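If you read the sequences in order, they're chains S and G.
With the working numbering applied, the first sequence covers 14 to 224.
With the working numbering applied, the second sequence covers 14 to 224.
Have a look at the structure below before the remarks.
2 protein chains.
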Amino acid sequence: MKTELEQVLPGEIEARSFEIITEELGGKEIEEKYAPVIKRVIHTTADFDYAENLAFSPGVLEIALEALRKGACIVTDTQMAKAGINKKALQSLGIEIFNFMADEDVAEAAKKNGTTRAVACIDKAAALNRPVIFAVGNAPTALIRIYELVQEGKLKPELIIGAPVGFVNVVQSKEMILELSVPYIVAKGRKGGSNVAAAIVNALLYLIWER
Amino acid sequence: MKTELEQVLPGEIEARSFEIITEELGGKEIEEKYAPVIKRVIHTTADFDYAENLAFSPGVLEIALEALRKGACIVTDTQMAKAGINKKALQSLGIEIFNFMADEDVAEAAKKNGTTRAVACIDKAAALNRPVIFAVGNAPTALIRIYELVQEGKLKPELIIGAPVGFVNVVQSKEMILELSVPYIVAKGRKGGSNVAAAIVNALLYLIWER
Numbered sequence: 014m015k016t017e018l019e020q021v022l023p024g025e026i027e028a029r030s031f032e033i034i035t036e037e038l039g040g041k042e043i044e045e046k047y048a049p050v051i052k053r054v055i056h057t058t059a060d061f062d063y064a065e066n067l068a069f070s071p072g073v074l075e076i077a078l079e080a081l082r083k084g085a086c087i088v089t090d091t092q093m094a095k096a097g098i099n100k101k102a103l104q105s106l107g108i109e110i111f112n113f114m115a116d117e118d119v120a121e122a123a124k125k126n127g128t129t130r131a132v133a134c135i136d137k138a139a140a141l142n143r144p145v146i147f148a149v150g151n152a153p154t155a156l157i158r159i160y161e162l163v164q165e166g167k168l169k170p171e172l173i174i175g176a177p178v179g180f181v182n183v184v185q186s187k188e189m190i191l192e193l194s195v196p197y198i199v200a201k202g203r204k205g206g207s208n209v210a211a212a213i214v215n216a217l218l219y220l221i222w223e224r
Numbered sequence: 014m015k016t017e018l019e020q021v022l023p024g025e026i027e028a029r030s031f032e033i034i035t036e037e038l039g040g041k042e043i044e045e046k047y048a049p050v051i052k053r054v055i056h057t058t059a060d061f062d063y064a065e066n067l068a069f070s071p072g073v074l075e076i077a078l079e080a081l082r083k084g085a086c087i088v089t090d091t092q093m094a095k096a097g098i099n100k101k102a103l104q105s106l107g108i109e110i111f112n113f114m115a116d117e118d119v120a121e122a123a124k125k126n127g128t129t130r131a132v133a134c135i136d137k138a139a140a141l142n143r144p145v146i147f148a149v150g151n152a153p154t155a156l157i158r159i160y161e162l163v164q165e166g167k168l169k170p171e172l173i174i175g176a177p178v179g180f181v182n183v184v185q186s187k188e189m190i191l192e193l194s195v196p197y198i199v200a201k202g203r204k205g206g207s208n209v210a211a212a213i214v215n216a217l218l219y220l221i222w223e224r
C-alpha cells in the first residue's frame, strides 16, 4: 500500500475532523455561536464556502432549540434529508419527523394543481396545524410555497431551514425567505442539498442531545 | 415580492438545470461520454469542482451498465445514499439495493472487531457472494476495507463508486481505489457525499432506464 493513513480510532474520526475544520477555518471569521452549525455543514460537504454562505436570523438558535424542546416536528422535502437526520437523537428527544414526498395524496394534489410534489408536501405540512420546522434541501418550489403561505398568514413555522441546491429559482427562493420575519437558517447562493439540510438539523439536535 | 422568478414548468426544471450547467461549463473540457455523470453530480451539488474531480477507470460506463443489466445489486454505505437513488428506476430495471448500517449483526461485528460499522457493512456485502456495485458516499473506512478485500482476492466488485467526503483518510482512501485494477468512478479530493454517490448511481440508471 503506497498511501499513508492517519491512525484514528472509529469513535474519534468526527472529533478529529472538527479539529481539522477549526484549524483550516483559521483566519475566517465565523460567529462563535453559529460555529456548531457552520462546522457541521463543512464536515458534511468538505466545502469551506459554507463559512460564508450561511445566514442566520436574529436569535434563531435559541428559538429553534426552544421549539424542538417544546415538541415541534420536523418536515423535510426529501426522503434523503430525512434519512440523513440522526434517528437516535430524534427518538431520544421525542421529536417526530415527516416527509410526504411518496404519499399518494401528495402526488394527486400536485397533478391536480399543476405544481411540484414538493409544493403539495408543504401544503400537507401546513394542514398538520402544529409547530413545524421545515428542512428544505432540494426543492426551491417548496421554499417558495412556504414564503407564500407565510405571507398569506396561513403558516407560521418555528424555523425554516432553506438549503435547496441548484440552478432554477434556487437563489431567488432563498432571497424570498430572507425577506420574511420568521426564524431561518439559509444557505445562500446555489449550493445546498439534502445533506446540508440534514446537517443543519443534526447540529441543532446535538446542541440539546446528550450523546 | 421583490424577487423575480424564472417561469419553468415542474416537469421542465431538471432539463433547464442541465441547460444552465452545460452553458456554464462552457470552456471546461469534459469528456462527452462522461457528461451524463459529471453533469448530474454538478446538478446535485451546484459545485463545478466536479467537472475536474471525477476519475473514471477505462471503459467503466460500459462495464457498469452491463453489470446493472445482468443483475448486479447496489450496496451503499449510508441510508442517505440509498434514499437518494431513484426507486422507480431500480424497480423498473429490477435492481436490488442494500444498506446494512442499521443491522444488528453489523453493529455487533463492528464492536467485536473494533472497526467502524461501515467496515462491517462491506464485510457483510462481500459475504453476499453476488455481483455488487458499491456506492460509498460517506465512510473512507468502507473504501479502505473494499481495497483490502480486493487486494486479498476476496472481493471483485463490478464497480466501486468512491465518493466519501471529509477530512480523515478521505483523500487517501480514494487514492487507494485509483491504484486498483477494478472498475471505478471516484470523486477525488475531500469532496463527495451520500448525495454525490447517489447522483452517480442515478446517472448510470438513467443511461439504461426509459423514463
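Just so you know, even glycine gets a beta-carbon here, dropped at the ideal spot from N, CA and C.
It should be emphasised that the depicted structure is a prediction, and the values quoted were computed from it without experimental measurement.
In this chain, residue 150/S is not harboured by any beta strand (DSSP E), its DSSP state being neither H nor E. Around the beta carbon of residue 75/G, a 10 Å sphere encloses fewer than 16 other beta carbons of the protein chains shown; the residue is thus reported as exposed. Annotation: residue 217/G is outside any beta strand (DSSP E); the continuous alpha helix (DSSP H) that includes it extends over 207–221. Closest in alpha carbon position to residue 144/S, among 217/S, 31/S, 221/S, 169/S, is 169/S.
Within the model, the alpha-carbon separation for residue 135/G versus residue 69/G is close to 22 Å. Contact annotation for residue 203/S against chain G: 59 [CB-CB distance below 7 Å, chain order]. Taking one beta carbon from each stretch, the segment 82–102 of chain S and the segment 140–154 of chain S have 3 or more pairs nearer than 8 Å; the two touch.
Excluding the 5 residues flanking it on each side, residue 93/S has same chain C-beta neighbours closer than 6 Å at 207, in chain order. Each residue's CA atom was taken as its position, placing residue 209/G and residue 176/G some 7 Å apart. Residue 59/G and residue 181/S have their C-alpha atoms some 11 Å from each other.
Across the set 211/S, 188/S, 216/S, 223/S, the C-alpha of 188/S shows the shortest separation from the C-alpha of residue 18/G. The continuous stretches of alpha helix (DSSP H) do not include residue 47/G, and DSSP gives it neither H nor E. Chain S has no Cβ within less than 8 Å of the Cβ of residue 114/G. With a 10 Å radius around the Cβ and a threshold of 16 neighbouring Cβ atoms, residue 126/G comes out exposed.
The Cβ neighbour count for residue 141/S, taken over all protein chains shown within 10 Å, is under 16; the residue is labelled exposed.
Looking at the DSSP output, residue 67/S bridges to 200/S.
In the three-state scheme derived from DSSP, where H, G and I count as helix and E and B as strand, residue 111/G is classed as strand. Here residue 190/S is not near residue 178/S, since their CB atoms are 8 Å or more apart.
Residue 132/G sits away from residue 174/G, with the two beta carbons spaced by 8 Å or more. The beta carbons of residue 95/S and residue 110/S sit about 6 Å from each other, so the pair counts as a contact at 8 Å. One Cα belongs to residue 49/G, the other to residue 43/G, and the distance between them is close to 10 Å.
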